[in-house]
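Q: Letter by letter, the sequence shown follows residues 98 to 178 of my numbering.
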Amino acid sequence: MHYPVISPYYGTVEQVIHPASSYFYEWDTLFLIRTDEGAIEEIVADIDGCFLSCEVMDGDRVIPGMVLAYIQEDIQRTGSE
Numbered sequence: 098m099h100y101p102v103i104s105p106y107y108g109t110v111e112q113v114i115h116p117a118s119s120y121f122y123e124w125d126t127l128f129l130i131r132t133d134e135g136a137i138e139e140i141v142a143d144i145d146g147c148f149l150s151c152e153v154m155d156g157d158r159v160i161p162g163m164v165l166a167y168i169q170e171d172i173q174r175t176g177s178e
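Shown next, in the form of structure tokens:
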């Protein structure tokens, strides 16, 4: 399945951690956002998967509800749970 990664913050993209098409694991940090209050917040993956597209770049302004990326879930689980 495909999912959007949504910003919950007002702020600026400090860093895009994973480039487009890269694989990530659940709990990996995908983005760092510097909030308007100056805090650095992590946007973490809640599934294993890969980027389909990244909709923002370092330095872009974000608001709550804004799509940061589209990801695809890895349906072939690896490891033990």
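Yeah, the Cβ is synthetic: ideal placement off N, Cα and C, and Gly gets one too.
1) Quick check on glycine 135: buried or exposed, where buried means 16 or more other Cβ atoms within 10 Å of its Cβ?
2) Find out if the Cβ-Cβ distance for the pair leucine 127, isoleucine 140 is shorter than 7 Å.
3) On a Cα-Cα basis, can you pick out the residue from Ile160, Arg158 and Val164 that is closest to leucine 149?
4) Taking the beta carbon of isoleucine 137 as the centre, do at least 16 other beta carbons fall within 10 Å, making it buried, or is it exposed?
5) Anyone know if the C-beta pair for isoleucine 167 and histidine 99 falls short of 7 Å?
6) Return yes when the Cβ of glycine 146 is within less than 7 Å of the Cβ of glutamine 173, no when it is not.
A: According to the data block:
1) Looking up residue 135 in the sequence shown gives position 38. Answer is exposed; the Cβ neighbour count stays below 16.
2) Against the sequence shown, residue 127 aligns to sequence position 30. Against the sequence shown, residue 140 aligns to sequence position 43. Contact flag set, yes.
3) Taking the sequence shown and counting its residues from 1, one reaches residue 149 at position 52. That would be Val164, whose Cα lies nearest to the Cα of leucine 149.
4) Translated into positions along the sequence shown, residue 137 becomes position 40. With fewer than 16 other Cβ atoms within 10 Å, it is exposed.
5) Position 70 of the sequence shown, counted from the first residue, corresponds to residue 167. Position 2 of the sequence shown, counted from the first residue, corresponds to residue 99. One point to set straight first is that residue 167 is tyrosine, not isoleucine, in the sequence displayed. Cβ distance < 7 Å, so tyrosine 167 and histidine 99 count as in contact.
6) Residue mapping note: residue 173 aligns to position 76 of the sequence shown, counting from 1. Residue mapping note: residue 146 aligns to position 49 of the sequence shown, counting from 1. In this structure, glycine 146 does not lie closer than 7 Å to glutamine 173 by Cβ.
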